[in-house]
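Start counting the sequence shown at 934; every next residue gets the next number (the working numbering).
For every residue, glycine included, the Cβ atom is placed at its ideal position computed from N, Cα and C.
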Amino acid sequence: MHRYRFVLFRPLQLVPVLFGISVITFLLVRLIPGDPARILLGTRATPSALANIRTQYGLDEPVWLQYFYFLKNLGAGEMGRSTLYKVDVLKLITTRIEPTLALVGMGVFLALLIAVPFAALSARRQGSLVDHAVRLVSTAGLGFPSFWLGAMLIIFFAVRLEWLPVSGYGETFREKLSHLILPGLTIALSLSAVLTRTLRAAMIAGLASDVATAARARGMPESRVFWRHVVPNALVPTVNLLAVNIGWLIGGTVVVESVFAIAGLGQLMVRGIFTRDYMVVQGVTMTFALATVLINFAADIITVTLDPRIKL
């Protein structure tokens, strides 16, 4: 169990990371041009009304004092109050987090569903026409922007074929599942391109490893050697790569949710930026940051579990 000692001290290392993210987020948000009070009340607002709004939300305080209040609220489990929605940011985030989690989960599931078979097919037929085709498609997939890819999927599957909904999230489980297919596929097509290349390389190395050679010497069929020995070992670098890309994956939901009109955290952040709702932008960013570090932490545990030789 000494391999899992990092579980005891790793959370302490995450605290400075979250602190640094909070500082950068706080400063960058306040560099956005525009006055939140002016945007909230409109161009005809009186100076006294603007002053009241700034006082109510602490916008007239020095920046260092605003940051102190922000940390104080975080320590108390709060994230301030939204100037646009007039509710606590934490409560607002809890009402929007389900679509984002479902979208990320659907994207990862579809990405693995695409990447694993294609990588296996390419690795087992290295140098063939199929291998070159998989490598070409995976390389091309890296260059497609999410907003363009999402629009193309909507035009083809939703508008022309009318197989899937154009936008929204749905009410029942079945409706939500059907609404998540296209946005999840938008994320998956970009993510699977990276995963396929990594998996293919790991599988090719696994086929030439001593473990695979020894299994063949014992008379084990090639298909069993591949799926029993090669694939499990190839998943270790894939888990690490997926954890590294989880920040990109979460950030990608901001664009995808806007394209497909999904009322999740990404769309909430975009609207918060345009309306200068500082508390909402800070709260959503800290939520994304916390999710990223926790997923990387979970990936470390999974990596150590899959490969006992690894010590963190």
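Quick one: Cα of residue i to Cα of residue j, how far?
| i | j | result |
| --- | --- | --- |
| Arg1247 | Val1020 | Past the edges of the chain, shown from 934 to 1245, lies residue 1247, and the structure says nothing about it. |
| Gln1215 | Arg987 | 17 Å |
| Arg1209 | Glu994 | 17 Å |
| His1162 | Ala1052 | 15 Å |
| Phe877 | Leu1113 | Because the chain is modelled from 934 through 1245, residue 877 falls outside the range shown and cannot be assessed. |
| Val1067 | Pro1165 | 21 Å |
| Phe1193 | Val1099 | 7 Å |
| Val1189 | Ile1087 | 12 Å |
| Met1219 | Asn1006 | 13 Å |
| Arg963 | Leu947 | 25 Å |
What residues in its chain sit with their C-beta under 7 Å from that of residue i, if we drop five residues either side in the sequence?
| i | result |
| --- | --- |
| Ala1167 | Leu1132, Ala1135, Met1136, Gly1139 |
| Ala1196 | Arg1029, Pro1032, Tyr1102 |
| Gln999 | Gly991 |
| Val959 | Here the sequence assigns Phe to residue 959, which means Val is not the residue at that position. Tyr1000, Phe1003, Gln1215. |
| Val950 | Val1226 |
For residue i, tell me which candidate among the options has the shortest Cα-Cα distance.
| i | options | result |
| --- | --- | --- |
| Thr1308 | Phe1106, Ala1148, Leu1082, Ala1141 | Since the first residue shown for the chain is 934 and the last is 1245, residue 1308 is missing from the structure and cannot be characterised. |
| Leu1110 | Leu1128, Pro1032, Leu1182, Gly967 | Pro1032 |
| Pro1170 | Leu1198, Val1127, Glu1155, Leu983 | Val1127 |
| Ala1121 | Asn1178, Gly1205, Met1212, Leu945 | Asn1178 |
| Tyr1002 | Asn1229, Arg977, Met1212, Ala1232 | Met1212 |
| Val1217 | Val1189, Leu1227, Gly1184 | Gly1184 |
| Ser1156 | Arg1058, Gly1180, Val1203 | Arg1058 |
| Phe1207 | Thr958, Ile965, Val956 | Ile965 |
| Ser1079 | His1065, Ala1147, Tyr1018, Leu1182 | Leu1182 |
Put residue i into one of helix, strand or coil per three-state DSSP.
| i | result |
| --- | --- |
| Asp1210 | coil |
| Asp993 | coil |
| Asp968 | coil |
| Arg1029 | helix |
| Ala977 | With the sequence shown as reference, residue 977 is identified as Arg, and Ala is not the correct amino acid for it. DSSP places Arg977 in coil when its eight states are reduced to three. |
| Leu1058 | Here residue 1058 turns out to be Arg, not Leu, going by the sequence shown. Coil. |
| Arg1151 | coil |
| Arg943 | helix |
By Cβ distance, which residues of its chain are closer than 8 Å to residue i, with the 5 residues on each side in sequence left out?
| i | result |
| --- | --- |
| Val1063 | Leu1054, Ser1055 |
| Leu1201 | Leu1025, Ile1026, Arg1029, Val1213, Val1217 |
Once the 5 residues before and after residue i are set aside, which same chain residues still bring their CB inside 6 Å of it?
| i | result |
| --- | --- |
| Leu1034 | none |
| Ser1125 | Ala1044, Ile1047, Ala1048 |
| Thr1129 | Ala1048, Phe1051, Ala1052, Ser1071 |
| Val1022 | Met1012, Gly1013, Ser1015, Met1212, Val1213, Gly1216 |
Just checking my contact of residue i with residue j at CB under 8 Å: how many whole Å lie between their CB atoms?
| i | j | result |
| --- | --- | --- |
| Leu1069 | Val1172 | Actually they do not touch by this definition, with Cβ atoms about 26 Å apart. |
| Leu1115 | Ala1084 | Leu1115 to Ala1084, Cβ: 10 Å. No contact. |
| Leu1036 | Thr1186 | 6 Å |
| Gly1180 | Thr1225 | 5 Å |
| Ala978 | Arg971 | 7 Å |
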